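For reference, the structure discussed in these notes is given below.
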Amino acid sequence: MEFAQVQWVLAFRHAVREASLAGLVAQPDGCAITIHMSDISITELEAAINFWRNRSPSIGDELALCQEASALSKPYALLIVQRQNAISPERLDPIARAAWESYVSIKNSLQS
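Take 12 as the starting number for the sequence shown in the working numbering and just add one per residue.
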């Protein structure tokens, strides 16, 4: 496993542990999940995390993710723990929402 992959696994495990400690439980099987057009899919969220990781790689002995990737890894872990496919941007904390909006803005400007 590459160094960057190890970092990602450690950050993901940390975010899942935080979600577990917060008392979040998985959504029961068979529940319908509605995704609105403005919702952020888990795939899009992962792409945003990888964008920020590539743009600002982890440094130092602590292998800490940059602020943007770290902020987005928490809702990503929540989606996995809760077995959901998407999250509303309104559910993101201010740092995660700013990271998401910056990612979308940069992505859109590159595609234009």
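From the three backbone atoms N, C-alpha and C, an ideal C-beta is built for every residue, glycine too. Quantities reported herein were computed from a predicted structural model and do not represent experimental measurements.
Using the C-alpha atoms, what's the distance from L74 back to D104? 23 angstroms
Should A110 and A82 be called a contact, given that it needs their Cβ atoms to be closer than 9 angstroms? yes
What does DSSP give as the partner residue(s) for A129 in the beta ladder? Any question about residue 129 goes unanswered here, given that the chain covers just 12 to 123.
List the DSSP bridge partners of A97. S52
Could you give the residue range of the alpha helix (DSSP H) that holds L121? P105 to Q122
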